[in-house]
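Numbering (the numbering used here), first residue to last: 267 to 729.
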């Protein structure tokens, strides 16, 4: 079945779904409404939408019209509660996401003190099979003594490792060395290394590639970097009403249909990973002034630890719950991004990294729609690369879908505010930046003093 292109709009009383279904028979259209779930089927098209509030199908004011000349099927459904606002009608991937799994049935505890025996027997016999199982479990109180197990080293039954979004993927990097994947720092071992081993490989590679002279050269001669610092990102300074483009809508429609059952800890780490991905995006857009180059995929991939070493942030300061972030956690997540921005790309500047952090904060404060737009731009760059497209498959596709369907707008804004207040100390980057900068300035002073002495000497000779 084909998912048609579609859009949704609303009035005070209704929600309208417009689908592009060319060359169909209007008489074959089937529309079903189950409270918040709406399905539209006409061969070969099928559309299932999960709205945030209930709708009516059989209301006299509901309608469906098909225009053969344009190929658009327009379905108007009446709101159960007039005047309700349906949120996120422009987030197409969220509307297409499956309905959340139902909670397990609750158990009703019956007291026999005030109920006649015959009535109690009758009620018990009418319990469903599922309720009877819960009741038997409660009566027998099947419990065993439990204690928190001691920590054990990583152990797997097979050498196959998983990675990517929520560790859902594998086998994408099995032949990485044969595809000339210059982003991948793990070679073919990416399929077998544990998370601890990946981090060790990343740190060792960063240490090997660190170039003090390159950093000092950019520190002393930063004229072009100063120009980059004054550039303004169009998504940040744009104050017009937000609306996705047709290309963005089509990309969102092609996203996979998934529902993510992440734990609180996993959700917490996803927000931290999102910061690092946006940092790489902001570095590339600032250094190219939002005009991607053939090197953009390489740059963004190398600046993202989750891509190059399959090493996303895992907070060591986690305090419980997905919605509480400490400043030390955010800094801990950003330090690898800072380090890599000073080791791998063309322009290596601490103040440039600080500016990218501010860009990420401003994007987060604008909410999930702007975040989604940035992720879609990044995805488009990776999708069109013959080798690096795999990072869309294992990270960006899922992040785009998760951002639309599950990311919390208020949390993104608060995270952006915390990020704006944050200052990543040079000492935490662990590259000896303070000493290098002092040495460079001292060298400059000596050269300046030497030049002054030469001028004085020349003047004396002339006199």
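Cβ atoms here follow ideal geometry from the backbone N, Cα and C, with glycine treated the same way.
Remember, it's a predicted structure, so these values are computed and weren't measured experimentally.
Length of the line joining the Cα atoms of residue 273 and residue 509: 12 Å
Test item: CB-CB of residue 566 and residue 547 under 8 Å: Annotated as proximal: residue 566 and residue 547, with beta-carbon spacing under 8 Å.
Residue environment, residue 334, which counts as buried when at least 16 other CB atoms sit within 10 Å: exposed
Extent of the continuous alpha helix (DSSP H) run through residue 316: Not the alpha helix (DSSP H): residue 316 falls in the beta strand (DSSP E), residues 311–316.
8 Å Cβ shell around residue 654 - same chain, five flanking residues per side excluded: 447, 449, 563, 564, 567, 648
Residue 627 versus 706, 558, 545, 441, residue with shortest Cα-Cα distance: 545
Nearest-angstrom beta carbon gap, residue 572 and residue 468 [assumed within contact, 8 Å]: 10 Å between Cβ atoms; not a contact.
Local conformation of residue 575 per DSSP, three classes: coil
Segment contact flag, the region 590–600 with the region 683–691, C-beta cutoff 8 Å, min 3 pairs: yes
Inter-residue spacing [alpha-carbon to alpha-carbon] between residue 400 and residue 529: Unreliable positioning characterises residue 400 in this predicted model, as indicated by a pLDDT of 44, which lies under 50. The coordinate reading is nonetheless provided below. If I take the Cα positions, the gap works out to 25 Å.
Alpha-carbon spacing of residue 622 relative to residue 606, whole angstroms: 13 Å
Inter-stretch contact (C-beta, 8 Å, three-pair minimum) for the region 473–487 and the region 608–615: yes
Residue from 591, 322, 339 whose Cα sits closest to the Cα of residue 330: 339
Between the CA atoms of residue 526 and residue 730 - distance to the nearest angstrom: The structure shown does not extend to residue 730, since the chain spans only 267 to 729, so no value can be given for it.
Extent of the continuous alpha helix (DSSP H) run through residue 549: 530–554
Per-residue DSSP class, three states only, for residue 431: helix
As assigned by DSSP and simplified to three states, the class of residue 410: In this prediction, residue 410 has a pLDDT of 38, which is less than 50 and means its spatial position is unreliable; nothing more can be read from the coordinates.
Alpha carbon of residue 731 to alpha carbon of residue 359, nearest angstrom: This structure cannot settle anything about residue 731, because the visible part of the chain is limited to 267 through 729.
Residues bridged to residue 300 [DSSP beta-bridge criterion]: In the DSSP output, where bridge partners are listed per residue, residue 300 has 303.
Residue 702 beta carbon less than 8 Å from that of residue 481: yes
Residue 345, enclosing alpha helix (DSSP H) - first and last residue: Run containing residue 345: none in the alpha helix (DSSP H); it sits in the beta strand (DSSP E), 338–345.
Length of the line joining the Cα atoms of residue 287 and residue 310: 9 Å
Among 352, 362, 291, 345, the one whose alpha carbon lies nearest that of residue 305: 362
Candidates 511, 500, 580, 507, of which the one nearest residue 531 by Cα: 580
Beta-carbon spacing of residue 321, residue 281 below 8 Å: yes
Cα-Cα separation between residue 502 and residue 324, rounded to whole angstroms: 45 Å
Residue of 711, 466, 664, 342 minimising C-alpha distance to residue 434: 664
Residue 577 vs residue 440 beta-carbon contact at 8 Å: no
Outcome for residue 603 when other beta-carbon atoms lying within 10 angstroms are tallied against a minimum of 16: buried
Every unbroken alpha helix (DSSP H) within the region 504–528, with a cutoff of 4 residues, ordered by chain: 512–519
Completely contained alpha helix (DSSP H) runs for the region 648–702, where each covers 4 or more residues: The region 648–702 is shown to contain whole alpha helix (DSSP H) runs of 4 or more residues at 663–671, 675–687, 692–695, in chain order.
Of the listed residues 427, 569, 523, 486, nearest to residue 711 (C-alpha basis): Here the closest residue by C-alpha is 486.
Residue 333, DSSP secondary structure in three states: strand
For residue 276, three-class secondary structure by DSSP: strand
Supposed contact pair residue 483 and residue 459 - C-beta distance, whole angstroms, cut 8 Å: Contact flag wrong, Cβ pair sits at about 34 Å.
Among 337, 438, 677, nearest to residue 637 - alpha-carbon criterion: 677
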